[in-house]
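*Asks:* Residues in the sequence shown are numbered consecutively from 1, following my numbering.
C-beta atoms are modelled at their ideal positions from N, C-alpha and C, and glycine is treated no differently.
Predicted, not measured: the structure shown is a model, and the values here were computed from it.
Take a look at this one; I'll ask things after.
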Amino acid sequence: MSVQEWCHLSRQIKFRHDYLNVRNVEFGENMENNECTRFATLNVGTLSGRLLEMVDMMIRRRIEALCVQEIRWKGNESRWANGYQLVCSEGDGLKNGVAELAAANAKSMHPRLKIVVVLLAIATIVHIILDDGAFFSSLASFNFDYHTSIDTIADGTSSTLNESFVESLEVNGTSLCPVTPPGLVGKIRVWMDGPSYDQLEKLYSSWIDKGGHSYPRHCISRHKVAIIVPYRDRDTQLRIMLHNLHALLTKQQLDYGIYIVEQVSPGVFNRAKLMNIGYEEAIKDYNWDCFVFHDVDLLPEDDRNIYSCPAQPRHMSVAVDKFNYKLPYGSIFGGISALTREHIEKINGFSNDYWGWGGEDDDLSTRVSLAGYKISRYPADIARYKMIKHSHESSNKINKCRYKLMGKTKQRWMSDGISSLNYKVIRMEKRPLFTNILVDLLYEESITKLRKTFPSC
């Protein structure tokens, strides 16, 4: 059924505060006035490649739980995407498989709430109940052959089950945000202090979801941006950066998430490999279309410096106070860079072999050129940054092999990068203001392989 139809259906079963309060179901503090809990059913025929689209749709339409009829589903499993859990159960030949897709916070806001799916031969009945047995409501979502055109489920609107889900969203969804976000002023305040995490959460948690994900509440963002930050042992800088970035990115009406990719200690730091890992893990988490690789010590000074990805790879940190707000050299691509998924796949990401400080950004610049792209930049009066002062870490000593590696970029760029990435995720944690990915870069395995080609490295 179309987006309009199932949204109409969800409105038929939403529950007012006073109705719920009779049964002692408490809402979370973030529920406002008479805002209603929404549930819906959808017959889509297949879930293949559609999970993230459905999550997007639920976010935009404020649907907290969705029962999806699935004709060809095989097996029983549970998976997560962007804070939503998908639980699938296969059918038995007479009955469709079904899936429940629910926001993680739906059950925390309604701790006694359960959704029970009853499978029948000709219909799926979804009961929305309390765990003490108090009955709320039920939905009937009838089974149809995947290629059948139907009239009417909720409001008489005609639809075809195999029509494009994305097209349906574009036609019936909320309007896109303006090309230029309203309220941009140019030069902005840069906070150089590092509030505690508790203070930051109080400032930003009302509009930032767990994992550091935020999106406009009144329009559909034009940009889905993953901010990927290579990190180790820079806690104060991280808090300062989070303070400045969240304030800016929400103002720019971005659908964004912040990923802090942390290298385990001890060991030689490898910034570029961490960024490759951030990309690989971020695309598993959400359907981002833009990736901003961001040093933790750089703070934007102008809100017109939009964190988005144009047709050509973008170098964002054009004018940094450390360099007197001048571009050090024309091919520089370090500090902060923005690339689409297509860009990253075509250039094979960053090199994995730059252990220690220096060289990886120039290597990336060469890859961009070899792939046929040109570096794009905002004007220097817009792309301005302050750098947080810090001492050089002993674990990030100058890479003495960097010039040897840079001299072989043309021969190695297609074999060294995303295509050859090896690592182990130790922990992935959705924190209130960011997603923390703690990783082991498998140094011994990696350096042994590198020394077969470069023995002195």
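#1: Among the candidates H213, R314, G194, D302, whose CA atom is the shortest distance from the CA of W288?
#2: Please name the residue or residues paired with C290 in a DSSP beta bridge.
#3: With distance defined between alpha-carbon atoms, name the residue in S365, N348, S369, N399 nearest to N270.
#4: Let me confirm a value: Q199 is counted as buried when at least 16 other C-beta atoms fall within 10 Å, else exposed. Which label applies?
#5: Between the C-alpha atoms of R222 and K452, what's the straight-line distance to the nearest angstrom?
#6: If we count the other Cβ atoms within 10 Å of its Cβ and call it buried at 16 or more, is R474 buried or exposed?
#7: Measuring only the C-alpha atoms, how far is Y423 from P300?
#8: Going by DSSP, what residue range makes up the beta strand (DSSP E) through E429?
#9: Have a look at I260, V185, V229 and flag the residue whose alpha-carbon is nearest the alpha-carbon of E429.
#10: Identify the residues that DSSP records as bridge partners of G257: which are they?
#11: Helix, strand or coil: which one does DSSP assign to T435?
#12: Where do the N-terminal and C-terminal ends of the beta strand (DSSP E) with M387 fall, by residue?
#13: Taking the straight line between their C-alpha atoms, what separation do you get for Q253 and K224?
#14: Considering only their Cβ atoms, is the gap separating M406 from G359 smaller than 8 Å?
#15: Indicate whether the contact test is met: 3 or more Cβ pairs, each with one atom in the segment 349-364 and one in the segment 373-387, closer than 8 Å.
#16: Under a three-way DSSP split, which group does L442 fall into?
#17: I need the DSSP call for Y231, collapsed to helix, strand or coil.
#18: When we look at the beta-carbon of A311 and count the other beta-carbons within 10 Å, is it buried (16 or more) or exposed?
#19: My output table needs one value for Q312: the three-state DSSP class, helix, strand or coil.
#20: Leaving out five residues on either side along the sequence, give the residues of the same chain with a beta carbon under 6 Å from the beta carbon of D363.
#21: Where does D353 sit, in a helix, a strand or coil, going by DSSP?
#22: Just the C-alpha distance for E35 and K449, rounded to the nearest angstrom, thanks.
#23: In the DSSP assignment, what are the bridge partners of E262?
#24: Pairing CB atoms from the segment 269-283 with CB atoms from the segment 183-195, are three or more of them under 8 Å?
#25: Going by DSSP, name the residue or residues bridged to A319.
#26: Whose C-beta lies closer than 8 Å to the C-beta of Y403 among residues of the same chain, with five residues either side of it excluded?
#27: If we count the other Cβ atoms within 10 Å of its Cβ and call it buried at 16 or more, is S329 buried or exposed?
#28: What do you get for F454, buried or exposed, if any count of 16 or more other CB atoms within 10 angstroms of its CB means buried?
#29: Name the one or two DSSP bridge partners that S376 has.
#30: With a cut-off of 8 Å on the beta carbons, I'd call L529 and D303 a contact; round off their distance for me.
*Replies:* Looking at the atomic coordinates:
#1: Locating residue 288 in the sequence shown gives position 288, where the first residue counts as 1. Cα-wise, what sits closest to W288 is H213.
#2: For the purposes of this step, residue 290 is identified with residue 290 of the sequence shown, where counting begins at 1. Answer by DSSP bridge pairing, in chain order: V225, T340.
#3: Residue mapping note: residue 270 aligns to position 270 of the sequence shown, counting from 1. Among S365, N348, S369, N399, the Cα nearest to that of N270 is on N399.
#4: Start at 1 with the first residue of the sequence shown, and residue 199 comes out as number 199. Q199 should be labelled exposed.
#5: On the sequence shown, position 222 is the one that residue 222 refers to. On the sequence shown, position 452 is the one that residue 452 refers to. Cα-Cα distance, rounded: 46 Å.
#6: Outside the shown range of the chain, which is 1 to 457, sits residue 474, and nothing can be said about it.
#7: Here residue 423 is taken as the residue at index 423 of the sequence shown, counted from 1. Here residue 300 is taken as the residue at index 300 of the sequence shown, counted from 1. Distance between the alpha carbons of Y423 and P300: 31 Å.
#8: Along the sequence shown, read from residue 1 onward, the residue named residue 429 stands at position 429. Counting along the chain, the beta strand (DSSP E) containing E429 begins and ends at 424-430.
#9: The residue labelled residue 429 in the question sits at position 429 within the sequence shown. The shortest C-alpha separation from E429 is found at I260.
#10: Walking along the sequence shown from the start, residue 257 turns up at place 257. Answer by DSSP bridge pairing, in chain order: H213, A226.
#11: Here residue 435 is taken as the residue at index 435 of the sequence shown, counted from 1. Three-state result, T435: strand.
#12: Residue numbering aside, residue 387 sits at position 387 when the sequence shown is read from its first letter. Element bounds for M387: 384-387.
#13: Residue mapping note: residue 253 aligns to position 253 of the sequence shown, counting from 1. Residue mapping note: residue 224 aligns to position 224 of the sequence shown, counting from 1. Straight-line Cα distance between these residues: approximately 10 Å.
#14: Here residue 359 refers to the residue found at position 359 of the sequence shown. Here residue 406 refers to the residue found at position 406 of the sequence shown. Cβ distance < 8 Å, so G359 and M406 count as in contact.
#15: no
#16: Start at 1 with the first residue of the sequence shown, and residue 442 comes out as number 442. L442 falls in the coil class under three-state DSSP.
#17: Taking the first residue of the sequence shown as 1, we reach residue 231 at position 231. Strand, per DSSP.
#18: Taking the first residue of the sequence shown as 1, we reach residue 311 at position 311. It is exposed - the Cβ of A311 has fewer than 16 other Cβ atoms within 10 Å.
#19: Translated into the one-based positions of the sequence shown, residue 312 becomes position 312. Coil, per DSSP.
#20: Position 363 of the sequence shown holds residue 363. If we look at D363 and ignore the five residues flanking it on each side, its Cβ neighbours are S351, M406, T409.
#21: For the purposes of this step, residue 353 is taken as residue 353 along the sequence shown, with counting starting at 1. If DSSP states are grouped into helix, strand and coil, D353 belongs with coil.
#22: One-based indexing of the sequence shown puts residue 35 at position 35. One-based indexing of the sequence shown puts residue 449 at position 449. In this predicted model, E35 has a pLDDT of only 35, less than 50, meaning its place in the structure is not dependable; the value taken from the coordinates is given anyway. For E35 and K449, the distance between alpha carbons rounds to 58 Å.
#23: Position 262 of the sequence shown, counting from 1, holds the residue named residue 262. According to DSSP, which records beta bridges pairwise, E262 is partnered with Y231, L438.
#24: no
#25: As a first step, residue 319 must be located in the sequence shown, where it is residue number 319. A319 pairs with R384.
#26: Residue numbering aside, residue 403 sits at position 403 when the sequence shown is read from its first letter. Correct list, in chain order: G359.
#27: Taking the first residue of the sequence shown as 1, we reach residue 329 at position 329. Per the sequence presented here, residue 329 reads as Tyr, with Ser not at that position. Classification for Y329: exposed.
#28: Indexing the sequence shown from 1 puts residue 454 at position 454. Exposed is the call here.
#29: As a first step, residue 376 must be located in the sequence shown, where it is residue number 376. For S376, which the question treats as bridged, DSSP gives the partners R314.
#30: The chain is shown only over 1 to 457; residue 529 falls outside these bounds and no answer can be derived.
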